[in-house]
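Asker:
There are 2 protein chains.
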Amino acid sequence: MSSEATGPKPPAAIDRMSGELRKADLQDAATQLFSERGYDGSSLQEIADRIGILKGSVYYYYQSKEDLLFDIVKAIHDEHLENVRMLAARAGDPMQRLHAVLVGHAIFVCENLVKTTVFLRELERLPAERQAEILRPDHAYQRVFRDLITEARDAGLVAAEVSPKLASLWILGSLNWLHRWYRPHVTSGPEQVAEQFADQLTRGIKPSVLWERQARSS
Amino acid sequence: MSSEATGPKPPAAIDRMSGELRKADLQDAATQLFSERGYDGSSLQEIADRIGILKGSVYYYYQSKEDLLFDIVKAIHDEHLENVRMLAARAGDPMQRLHAVLVGHAIFVCENLVKTTVFLRELERLPAERQAEILRPDHAYQRVFRDLITEARDAGLVAAEVSPKLASLWILGSLNWLHRWYRPHVTSGPEQVAEQFADQLTRGIKPSVLWERQARSS
Chain A
1 MSSEATGPKP
11 PAAIDRMSGE
21 LRKADLQDAA
31 TQLFSERGYD
41 GSSLQEIADR
51 IGILKGSVYY
61 YYQSKEDLLF
71 DIVKAIHDEH
81 LENVRMLAAR
91 AGDPMQRLHA
101 VLVGHAIFVC
111 ENLVKTTVFL
121 RELERLPAER
131 QAEILRPDHA
141 YQRVFRDLIT
151 EARDAGLVAA
161 EVSPKLASLW
171 ILGSLNWLHR
181 WYRPHVTSGP
191 EQVAEQFADQ
201 LTRGIKPSVL
211 WERQARSS
Chain B
1 MSSEATGPKP
11 PAAIDRMSGE
21 LRKADLQDAA
31 TQLFSERGYD
41 GSSLQEIADR
51 IGILKGSVYY
61 YYQSKEDLLF
71 DIVKAIHDEH
81 LENVRMLAAR
91 AGDPMQRLHA
101 VLVGHAIFVC
111 ENLVKTTVFL
121 RELERLPAER
131 QAEILRPDHA
141 YQRVFRDLIT
151 EARDAGLVAA
161 EVSPKLASLW
171 ILGSLNWLHR
181 WYRPHVTSGP
191 EQVAEQFADQ
201 LTRGIKPSVL
211 WERQARSS
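This is the structure:
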C-alpha cells in the first residue's frame, strides 16, 4: 500500500462527491485520448495516467474499456439528440424549423469537435447490440430530421420526389463530415459555415415552384 | 525450416509473377481485415493467416503495417481521383459535368464500400506527412469538385454567394458518408441514390433565377 500513500486514494476511500467528479474526469480523459489515438490505440493504463490515478481505480467505475466507450458514446449521442429535438420543437413552419435544426446541429458539431469525432468514429467499435442500444429503436436522432422533411413535404414545402429517408441521410452526411475538416481559427466561423450549409441543404430539397415564387418576390 | 516444407515457399523462391500476385493478395486481405476490425485492431499475423503465408513473408513486401496501409490507402485514393477526373473531363456545361461527377462518385462509393471505408476511416491512422503525400499538393481530389463549382459559378450557373471551397466540402461530406449507411440489397440501388443526391446537391447551389427559368419552361 506504500506506493499509494502519495498517489491517488484507493477506491474505498473515495466519497460520493469526489467519486462522481473522478468519473467525469475519467470520461473526459478517455474522450480526449480516443479522439487523438482512436479507441483501439488507447489503453486503460494511459487513461488512468492522464488523470493521475491507478489503473486499478478505473475498474472501480468500469469493468472494461468497452463499458467506458459505451458510456461516453451514449452521453454524446444523447446531448446531440436533445439539441436537435429542442430546435425542432421551436415555432415556425416545418421548413423554417428544419433550417434551424440544420444550423444548430452544424454549430454543435463545430463547437464539439472532439466529442463528435469520438461519437461518429468510435461508435462502430461497439458490438452491434450496444450500438443499437444507443441509437435506440428506429434511429431517434435521424428521425428528427426525417420527420421534419416528411412534414415539410406534406405541406408542399419539399419536392414530392424527395425521399425523406434518403434526404435525412444526405443531410446528416454533409453535417457529420464537418468533424473531419472543420478547424476553429482556420475555417470560417461556425455560424457562417452552418448558415451556408443549411441554406444549400434546404434549397436542395425545395420544389421548383417555391423557387419561382421566391425569385419573383425578391 | 521443416515447418515451411508444407507451408508457403520462402520469399527467395517467389518468382516475379507470383510475387506480384501475392502482393495483391496481401493488399486485398489487409483491406478486408482493416474494414472489419479497423487498422489498429488488425495484426500482420492475422493478415498473413488469411492468405496462408508466414508472417515473415509479409516483411518481404512491407517493412511495417503502416507501409502496407500507406500503399492500400494511396491506391484507393488514386482510383477515386482517376474516376472523378475522367467524369469531369466529359462534354457539357460545368453544371452538367458536376452532376455527372456527383453521380459517378456516389456510385463508385456504393460499389466499393470496403475500399472506401478503409480509405476514409484509416487515412487518419497514417502520420500527417504520409496523409499529405496521398492527398497531394492542394488536395487534388477535392480540387476536382471545387474547380467545377468555380467554373459553374463564373458561368452564372451557381449562386454568387456560394463558396466553392465550402460547397466542395459539403458535397464530399454527403457523398463520402454513403459508406457509413449504404448497404446493397437493403437500400435503394446505387443509381437511384446517386441521382437523388446529385439532383439535391446541384439544386442546393443553383441561383434562384435559374430555378425560375426552369420552373417556367416545365
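Those protein sequence lines, which keep their order, are chains A and B. For the first sequence, UniProt numbering assigns the number 1 to the initial residue and increments by one for each residue that follows. For the second sequence, UniProt numbering assigns the number 1 to the initial residue and increments by one for each residue that follows. Even glycine gets a Cβ: it sits at the ideal position worked out from N, Cα and C. Predicted model only: the values in this text are computed from it and were never measured.
1. Ends of the alpha helix (DSSP H) at residue 220 of chain B?
2. Using beta-carbon positions only, say whether VAL162 of chain B and ILE134 of chain B come within less than 7 Å of one another.
3. What are the start and end residues of the alpha helix (DSSP H) that includes SER57 of chain B?
4. Would you say ARG203 of chain A lies against chain E (beta-carbon separation less than 7 Å)?
5. Output yes if chain A places a C-beta closer than 7 Å to the C-beta of residue 294 of chain B; else output no.
6. Going by DSSP in three states, GLY41 of chain B sits in which element: helix, strand or coil?
7. With H, G and I counted as helix, E and B as strand and the rest as coil, what does DSSP make of GLY104 of chain A?
8. In whole angstroms, what separates the C-alpha of VAL58 of chain B from that of ARG37 of chain B?
9. Between ILE107 of chain A and ALA167 of chain A, is the Cβ-Cβ spacing less than 7 Å?
10. In angstroms, rounded to a whole number, what distance separates the CA positions of PHE34 of chain A and THR116 of chain A?
11. Is it the case that the Cβ atoms of MET95 of chain A and ALA152 of chain A are separated by a distance below 7 Å?
12. Where do the N-terminal and C-terminal ends of the alpha helix (DSSP H) with ARG151 of chain B fall, by residue?
13. Quick check: is the beta carbon of GLY41 of chain B nearer than 7 Å to any beta carbon in chain A?
14. Can you check whether the C-beta of LEU166 of chain B is within less than 7 Å of a C-beta belonging to chain A?
15. LEU44 of chain A: which of A:GLN196, A:LYS65, A:ALA128, A:TYR60 sits nearest, CA to CA?
16. Indicate the three-state DSSP secondary structure (helix, strand or coil) for residue 256 of chain B in the structure shown.
17. Just confirm the distance between the C-beta atoms of ASN83 of chain B and TRP177 of chain A, as a whole number of angstroms; I'd bet it's less than 8 Å.
18. Along the chain, where does the alpha helix (DSSP H) containing LYS115 of chain B start, and where does it finish?
19. What residues in its chain sit with their C-beta under 6 Å from that of ALA198 of chain A, if we drop five residues either side in the sequence?
20. Specify the secondary structure class of ALA159 of chain B as computed by DSSP and reduced to three states.
21. If we cut at 7 Å on Cβ distances, does GLN200 of chain A have a partner in chain B?
22. So, at 6 Å on beta carbons, what are the nonlocal neighbours of TYR62 of chain B in its own chain, with the 5 sequence-adjacent residues on each side left out?
23. Taking Cβ-Cβ distances shorter than 9 Å, what residues in chain A pair up with ARG125 of chain B?
24. Verify the CB distance criterion: does SER64 of chain B have a CB-CB separation below 7 Å to chain A?
25. If you compare alpha carbons, which of A:GLU122, A:GLN131, A:ARG180, A:TYR39 is closest to CYS110 of chain A?
26. Should ALA48 of chain B go down as buried or exposed, given a rule of 16 or more other Cβ atoms within 10 Å for buried?
27. Does at least one heavy atom of the ligand COA sit under 6 Å from the Cβ of ARG130 of chain A?
28. Would you mind giving the Cβ-Cβ distance between GLU122 of chain A and VAL73 of chain A, rounded to the nearest angstrom? I have them listed as a contact below 8 Å.
29. What's the gap between the Cα of LEU169 of chain B and the Cα of ALA160 of chain B?
30. Do ASP93 of chain A and ASP40 of chain B have their beta-carbon atoms positioned less than 7 Å apart in this structure?
31. Strictly under 7 Å for the Cβ-Cβ distance: is GLU20 of chain B near chain A by that measure?
32. List the residues of chain A that ASN112 of chain B touches, going by C-beta distances under 7 Å, in chain order.
33. DSSP three-state call for LEU201 of chain B: helix, strand or coil?
34. Note down, in chain order, each residue of its chain lying with its Cβ closer than 7 Å to the Cβ of ARG85 of chain B, except the 5 sequence neighbours on either side.
35. First and last residue of the alpha helix (DSSP H) that includes ILE134 of chain B?
36. Does ILE51 of chain B come out as helix, strand or coil in the three-state DSSP assignment?
Answerer: To lay it out plainly:
1. Nothing about residue 220 of chain B can be reported from this structure: the residues present for chain B run from 1 to 218 only.
2. Result no, Cβ atoms of VAL162 of chain B and ILE134 of chain B do not sit closer than 7 Å.
3. First-last of the alpha helix (DSSP H) with SER57 of chain B: 55–61.
4. Looking for chain E here will not work: the only protein chains present are A and B.
5. Shown here, chain B extends from 1 to 218; a query on residue 294 of chain B therefore has no answer.
6. GLY41 of chain B falls in the coil class under three-state DSSP.
7. DSSP places GLY104 of chain A in the helix class (H, G or I) of the three-state scheme.
8. Those two C-alpha atoms are separated by around 19 Å.
9. Between ILE107 of chain A and ALA167 of chain A, the C-beta gap is not smaller than 7 Å, which leaves the two residues out of contact.
10. Their Cα atoms are separated by approximately 11 Å.
11. Against a cut-off of 7 Å, the Cβ pair of ALA152 of chain A and MET95 of chain A comes out as a contact.
12. Reading off the sequence, residue 151 of chain B comes out as Glu, not Arg. Looking at the DSSP string, the run of the alpha helix (DSSP H) that includes GLU151 of chain B is 140–154.
13. Closer than 7 Å: yes.
14. At least one chain A Cβ lies under 7 Å of LEU166 of chain B.
15. Selection A:GLN196, A:LYS65, A:ALA128, A:TYR60 evaluated against LEU44 of chain A yields A:LYS65 as nearest (Cα-Cα).
16. Since the first residue shown for chain B is 1 and the last is 218, residue 256 of chain B is missing from the structure and cannot be characterised.
17. Rounded, the Cβ-Cβ distance is 19 Å, inconsistent with contact.
18. For LYS115 of chain B, the enclosing alpha helix (DSSP H) begins and ends at 113–122.
19. The beta carbon of ALA198 of chain A is closer than 6 Å to those of HIS99, LEU102, VAL103 in its chain, skipping five residues each way along the sequence.
20. Residue state, collapsed to three classes: coil.
21. By this cut-off, GLN200 of chain A is an interface position.
22. Closer than 6 Å at Cβ, skipping near neighbours: LEU68.
23. What ARG125 of chain B touches in chain A: GLY38, GLY41.
24. Cβ-Cβ to chain A under 7 Å: no for SER64 of chain B.
25. Among A:GLU122, A:GLN131, A:ARG180, A:TYR39, the Cα nearest to that of CYS110 of chain A belongs to A:ARG180.
26. By the 10 Å Cβ count, ALA48 of chain B comes out buried.
27. Only the bare structure without any ligand can be found here, which leaves the ligand COA out of the picture.
28. That belief holds up - the Cβ atoms of GLU122 of chain A and VAL73 of chain A are roughly 6 Å apart, short of 8 Å.
29. Roughly 17 Å separates the two Cα atoms.
30. Cβ atoms of ASP40 of chain B and ASP93 of chain A: not closer than 7 Å.
31. Using a CB distance cut-off of 7 Å, GLU20 of chain B does not count as an interface residue toward chain A.
32. Result: empty, since nearest Cβ-Cβ is about 17 Å, beyond 7 Å.
33. DSSP places LEU201 of chain B in helix when its eight states are reduced to three.
34. Answer for ARG85 of chain B: VAL144, listed in chain order.
35. Unbroken alpha helix (DSSP H) run through ILE134 of chain B: 128–135.
36. It is coil, neither helix nor strand.
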